[in-house]
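First comes the structure, then the notes that go with it.
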Amino acid sequence: MHRITSLATLSLTLFLASCDEQPASTAMLDDAFVRPALDQLSESAAIARKARVSEISYVLNIDLVSLEDAYQGSVTTRFDLTDRDQALQIDFSGGSVDSVIVNGETLQPDYNGFFVSLPETALQEGTNEVTIAYSHPYGQDGTGLHRFVDPQDGKTYLYTYLWPYYSNRLFPNFDQPNLKATYELTVRAANDWQVVSSTIEDSVVDDGETRIWHFPQSEKFSSYIFSLHAGPYKIWEDMAGSVPIRLMARQSLADYVAVQEWMEYTKSGLEHYQDYFDIPYPFAKYDQLIVPDFLIGAMENVAAVTFSESYVDRGASNRFNSQRRAGTILHEMAHMWFGDLVTMNWWNGLWLNESFATLMSSIAVSEATEFDDLWHDFYLSENLTAIAADNAVSTHPIEMPVVSTNDFFNVFDDITYDKGASVLNQLSHYIGRENFRVGVSNYLKKYSWENTELADFMGSLSQQSGIDLNPWAQHWMYQAGVNTIEARFSCDANGITSFAILQTMPDSHPTLRDQRVQLGLFSSDSNGAIELDAAIPIEIFGAETQVPAAIGLACPDLALPNYEGWGYLEVSLDNVSMNSVINNGALAKIDDPLMRSMIWTALFDAPSKEQMENSTLLETLISSLPLEMNDRIIRQVMAELVSNLNSLERLGGEFSMELAQYGLLAERQLWELVSAGATDDSQSLSTLNLRLSRYIGLARSAEALANLRGLLDDSIEIEGFDLGQNQRWNIIQRFSARDYVDARSLLAAELERDPSDAGRRAAIAAEAALPDLEIKRQWADRILDTENPLPLSNLRAAMGSLFPTGQEDLQLNLLPKLTENLGDLAANRDNYFQQSYGRDLFSGICSEQGLQILSDAISNRDAIGATLYRFISENEQSAANCLAARN
């Protein structure tokens, strides 16, 4: 294998010259495949290339110094080729190609902006060597090699984000997950920079004002999890057993990083996973970098994981934030085994990677950290998020074809992460937790360093459990939708005489599923407290499942047919149970927080099922505020309260009176709790922060806005509490959205107080939220500008705040402008931009005119592309539901 032997004399010249019944793929392969010139890779093209190419290695030389707005380098790719029947493409998007050498022959580059074509006449059967010298602009949208200049100190930071099809924005390569390769890397960088990649550097050579870093050949893995990060990062170092670990962040953010907490979760996670999988950590080191402008929460680059700066608190932290950090740290760490060591064959397998990591992180957090109520969080975060996605018009089966990398964004969603994790959790109960663990371990051992299909995973679990899982997979993996169950029982003086679990299915997804759940039966004591009488494990089959084990037991006051949340389903409470939990404050007397959350969820759905008036639900929500002490449930209840009141505001008309009555009642109840202050107890402070955040989101009246102004200027003080910077910006943004009298001057003053990158984005959000048509039109122009686009992080801040609740007239005014050229936008803007555009700019509509504009906008699905169609169609569904509620 070629290696650079003399780094001290390396020059710029060297840089530039040198399941069985369901097939995973539906792609058809022609004998002579012709690849279209598009910034994407189809499954057909990937299959064709995989059939020809193997044994790949890359030797990269990258210069981060010589150019200002771009970098340059060369890559030598060695690979085996089965035939020379037709040309071969190497992916490379958006760069410039200076030279191409194929097997020693210099060729005129055949480059169309998306890939380099190598003519069949220059190729040979067996081993080939291709060297491409190139340059590429730094990314401004968070993809490829992204560059960020810190506005606070002027320092420059680089990092890569290559998932799913962006490694070809870093260097020319075969950018598909089943063409695993080794990587050797040399980097020229500024002499005060740290450079990080997948392996530990084996030499760093001073070269005047620069340094040359060399990283030895790596293990074999997919291109999307390769990485290159560079800059004057602050570094913290430690050891996790024999594994060196490092944490990095930009210098201006370093004081806010919870370093000790981060390191503790990392150490406990590595120990946990090595025990759980029964496989040592597969790489030589473990780095974690907290980076700016990051598009998603985190990314599992091999041994060099990147995290969004949203995981750093610039104010007081709390239990939620700490647990959120722990969950994401452990999610990405799980990928080192499941995703990096063993990788899906194609992007239809994305769901298994992400679902598994989500479930594994929940298990790890519950077993390896201080958070012992993680399954309560799993229910609230994964189960309920997945159910909401399954009820959306955009729902889809967990396992589905991905025609191209462009269609990847239709499966990168809450079904992929949350429903998948919920279903895997259900599967672990179905076959037994230990069978699940051992089956996973066997799968990882058998397929280490390889690519797999769903059938490989299910086969390992079937073999371990002795259960044929094909019928289970057919219902759960290949059919969309969520089922609803309800208890139906009768009693006499001696107890229960009949008991059944009824299962229903939506008309749009008519599938009844088998799953294992627990039935909880409860009675009320003399004080009204709800107590568990019996917990009965049952397997649900079909439309009606009899429960003979319940016959003869005491007649329950409450029957909960998914006790402890084993199943993935919705629960409809029977009338007896509904009356029991809403009368006499019984709900607050249930000790089990998870059970309280599940009952609250059923209550939230009661008005739509005509089991309860919405006014009764609002009264129940507001009256619970001083009674509930569990932070998770406080957040759940207040989120529903804010959402309900926002819906009333959108509905308008006759609903305005209900909004005025219950909105003011909620504001005053919550302010009484907030203004009471906090003790020194961290839980009390966390609860206060949570309540204040929701109070800001509720504030509509002059009274409530005046209270927020008092907090901002310190004329109102709360005992034991200091207003953090994030909360200050939340207040400023609320002032903008509600057209508070001093909103503009307060915004300017706050930006002067906080000129950081986060402060600038918060100011953008606040300005965009102002109810001023001219300001909104200016932001619409900036959002649509493709000639001189702003960084995507800034555009996302604006799009997320442009049309807050109460500004639909302004939104309607701009909808024609925002929908007139969706086809061009789909063709010219990245999918991450399209996600924010389709999701944020068309939300909250509740008018016939707005609904018609959305319907017209998505009438030609092919013209606007899959991503825009998906998110705008979800907003069309929400608009139609809102109008139905009004009528």
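Whatever position you read off the sequence shown (first residue = 1), add 703 for this note's numbering. The beta carbon of each residue, even a glycine, is placed where N, CA and C say it ideally should be.
Measure the Cβ-Cβ separation of S1107 and S745 and say whether it is below 8 Å. Locating residue 1107 in the sequence shown gives position 404, counting from the first residue. Locating residue 745 in the sequence shown gives position 42, counting from the first residue. Yes, these two residues count as a Cβ contact at 8 Å.
For N806, three-class secondary structure by DSSP: Locating residue 806 in the sequence shown gives position 103, counting from the first residue. Three-state DSSP puts N806 in coil, outside helix and strand.
- Where does the unbroken beta strand (DSSP E) through A892 begin, and where does it stop? Here residue 892 corresponds to residue number 189 of the sequence shown, with the count starting at 1. Boundaries of the beta strand (DSSP E) harbouring A892: A884 to A893, taken from the DSSP string.
| query | Just how far apart, CA to CA, sit G1045 and K1148? | reply | What you label residue 1045 is simply residue 342 of the sequence shown in a count that begins at 1. What you label residue 1148 is simply residue 445 of the sequence shown in a count that begins at 1. In the sequence as presented, Gly is not what sits at residue 1045; that position holds Val. Answer to the nearest angstrom: the Cα atoms are 9 Å apart.
* **Which of helix, strand or coil DSSP assigns to E1343** => Mapped onto the sequence shown, residue 1343 falls at position 640. In the three-state scheme derived from DSSP, where H, G and I count as helix and E and B as strand, E1343 is classed as helix.
**Message:** Suppose you measure from the CA of L1571 to the CA of L1376; what does that come to, to the nearest Å?
**Reply:** Taking the sequence shown and counting its residues from 1, the one referred to as residue 1571 is at position 868. Taking the sequence shown and counting its residues from 1, the one referred to as residue 1376 is at position 673. Between L1571 and L1376, the C-alpha separation is close to 42 Å.
Inset, instruction - Give the single residue among D1308, Q1314, N1333 and N1433 whose Cα lies nearest to the Cα of S1346. - result: Taking the first residue of the sequence shown as position 1, residue 1346 is located at position 643. Comparing Cα-Cα distances from S1346 to each of D1308, Q1314, N1333 and N1433, the minimum goes to D1308.
Worksheet item: Of the residues M942, R953 and A952, which one's Cα is nearest the Cα of Y968?
Response: As a position in the sequence shown, residue 968 is number 265, starting the count at 1. The residue with the shortest Cα to Cα distance from Y968 is M942.
Which listed residue (S1227, A1232, T1207 and D1277) has its alpha carbon closest to that of T1248:
Position 545 of the sequence shown, counted from the first residue, corresponds to residue 1248. The candidate whose alpha carbon is nearest that of T1248 is T1207.
- Message: In the DSSP assignment, the alpha helix (DSSP H) including P1104 goes from what residue to what residue?
- Response: Here residue 1104 refers to the residue found at position 401 of the sequence shown. Premise fails: P1104 is in no alpha helix (DSSP H) and is neither H nor E.
Leaving out five residues before and five after Q775 in sequence, what residues of the same chain have Cβ atoms less than 6 Å from its Cβ?
To locate residue 775, count along the sequence shown from 1; it is residue 72. Only D766 and S838 meet the Cβ criterion.
Quick one: Cα of D788 to Cα of L821, how far?
-> One-based indexing of the sequence shown puts residue 788 at position 85. One-based indexing of the sequence shown puts residue 821 at position 118. Looking at the backbone, the Cα of D788 and that of L821 are separated by about 12 Å.
At the level of alpha carbons, what is the spacing between A1446 and A1501? Position 743 of the sequence shown holds residue 1446. Position 798 of the sequence shown holds residue 1501. Answer to the nearest angstrom: the Cα atoms are 17 Å apart.
Next item on the list: Have a look at the DSSP bridge pairing and note the partners of N831.
Entry: If you number the sequence shown from 1, residue 831 lands on position 128. BP columns for N831 point to F782.
message = So within the segment 1007 to 1061, which uninterrupted alpha helix (DSSP H) runs reach at least 4 residues, ignoring any that extend past its ends?
response = Entirely contained in the segment 1007 to 1061, the alpha helix (DSSP H) runs reaching 4 residues are, in chain order, 1022 to 1038.
Q) Taking the C-alpha atoms as reference points, what is the distance between P1507 and R1485? A) Working through the sequence shown from its first residue, we reach residue 1507 at position 804. Working through the sequence shown from its first residue, we reach residue 1485 at position 782. Distance between the alpha carbons of P1507 and R1485 is about 18 Å.
message = Report the CB separation of A1067 from Y989 in whole angstroms; it is logged as a contact under 8 Å.
response = Position 364 of the sequence shown, counting from 1, holds the residue named residue 1067. Position 286 of the sequence shown, counting from 1, holds the residue named residue 989. Actually they are not in contact, since the Cβ atoms of A1067 and Y989 sit about 15 Å apart, beyond 8 Å.
- Message: Considering only their Cβ atoms, is the gap separating Y1271 from Q1129 smaller than 8 Å?
- Response: Position 426 of the sequence shown holds residue 1129. Position 568 of the sequence shown holds residue 1271. Yes; because the gap between Cβ atoms is below 8 Å, this pair is in contact.
Helix, strand or coil: how does DSSP classify S1211 here?
Numbered from its first residue, the sequence shown carries residue 1211 at position 508. The answer is coil: DSSP assigns S1211 none of H, G, I, E or B.
So within the segment 924 to 1008, which uninterrupted alpha helix (DSSP H) runs reach at least 4 residues, ignoring any that extend past its ends? Listed in chain order, they are 962 to 980.
Practice task
Note the first and the last residue of the continuous beta strand (DSSP E) segment covering R1191.
Solution key: Here residue 1191 is taken as the residue at index 488 of the sequence shown, counted from 1. DSSP places R1191 in the uninterrupted beta strand (DSSP E) bounded by T1187 to D1195.
ask   = Which runs of the alpha helix (DSSP H) fall wholly inside the segment 1308 to 1372 and span at least 4 residues, in chain order?
value = If we require 4 residues or more, the alpha helix (DSSP H) runs fully inside the segment 1308 to 1372 come out as 1317 to 1327 and 1334 to 1354.
Q: Taking 8 Å as the threshold, find out whether the segment 800 to 814 comes into contact with the segment 884 to 899 through three or more Cβ pairs.
A: Contact between the segment 800 to 814 and the segment 884 to 899 is absent: fewer than three C-beta pairs spanning the two stretches fall below 8 Å.
Counting pairs of beta carbons, one from the segment 902 to 910 and one from the segment 779 to 798, are three or more of them closer than 8 Å? The segment 902 to 910, when compared against the segment 779 to 798, does not touch it at the 8 Å Cβ threshold.
**Study point:** Beta-carbon proximity list for F1139, same chain, < 6 Å, skipping 5 on both sides
**Key:** Taking the sequence shown and counting its residues from 1, one reaches residue 1139 at position 436. Result list for F1139: S1131, in chain order.
Review point. In angstroms, rounded to a whole number, what distance separates the CA positions of P1296 and I1336?
Key: Position 593 of the sequence shown, counted from the start, is the residue given in the question as residue 1296. Position 633 of the sequence shown, counted from the start, is the residue given in the question as residue 1336. Going by the C-alpha atoms only, they are around 7 Å apart.
Query - Expected contact under 8 Å - CB spacing of S1280 and A1262 to nearest Å - result: As a working note, residue 1280 is residue 577 in the sequence shown. As a working note, residue 1262 is residue 559 in the sequence shown. Right, their Cβ atoms sit about 5 Å apart.
Report task. Give every residue of the same chain whose Cβ lies closer than 6 Å to the Cβ of S1539, excluding the five residues on either side of it in the sequence, and list them in chain order. Result -> Residue 1539 sits at position 836 when you count from the first residue of the sequence shown. For S1539, where only same-chain residues beyond five positions count, the Cβ hits under 6 Å are R1499 and M1502.
Discussion item. For V1141, tell me which candidate among T1155, M1161, W1152 and R891 has the shortest Cα-Cα distance.
Written reply: To locate residue 1141, count along the sequence shown from 1; it is residue 438. Nearest C-alpha to V1141: M1161.
**Asked** Expressed to the nearest angstrom, what Euclidean distance is found between the alpha-carbon atoms of M1341 and G1000?
**Response** For the purposes of this step, residue 1341 is taken as the residue at position 638 of the sequence shown. For the purposes of this step, residue 1000 is taken as the residue at position 297 of the sequence shown. Between the alpha carbons of M1341 and G1000 lies a distance of about 24 Å.
Candidates S1496, L1557 and N1524, of which the one nearest A1566 by Cα = By one-based count along the sequence shown, residue 1566 stands at place 863. Looking at S1496, L1557 and N1524, the one whose alpha-carbon comes closest to that of A1566 is N1524.
Residues sharing a beta bridge with G776, DSSP | Here residue 776 refers to the residue found at position 73 of the sequence shown. Per DSSP, I765 and Y837.
Exercise. Near L1215, what residues of its chain come up, given a Cβ to Cβ distance below 7 Å and the 5 sequence neighbours on each side ignored?
Worked result: Along the sequence shown, one-based indexing puts residue 1215 at 512. Result list for L1215: N1186, Q1206, M1208, G1245 and A1246, in chain order.
Out of S1069, D978 and D856, which one is the CA nearest neighbour of V1143?
For the purposes of this step, residue 1143 is identified with residue 440 of the sequence shown, where counting begins at 1. For V1143, the nearest C-alpha among the options comes from D978.
- Roughly how many whole angstroms lie between the Cα atoms of M951 and A987? For this step, residue 951 is matched to residue 248 along the sequence shown. For this step, residue 987 is matched to residue 284 along the sequence shown. The alpha-carbon of M951 is positioned some 18 Å away from that of A987.
- Cα separation between Q1428 and G1462? One-based indexing of the sequence shown puts residue 1428 at position 725. One-based indexing of the sequence shown puts residue 1462 at position 759. Rounded to whole angstroms, Q1428 to G1462 spans 9 Å at the Cα level.
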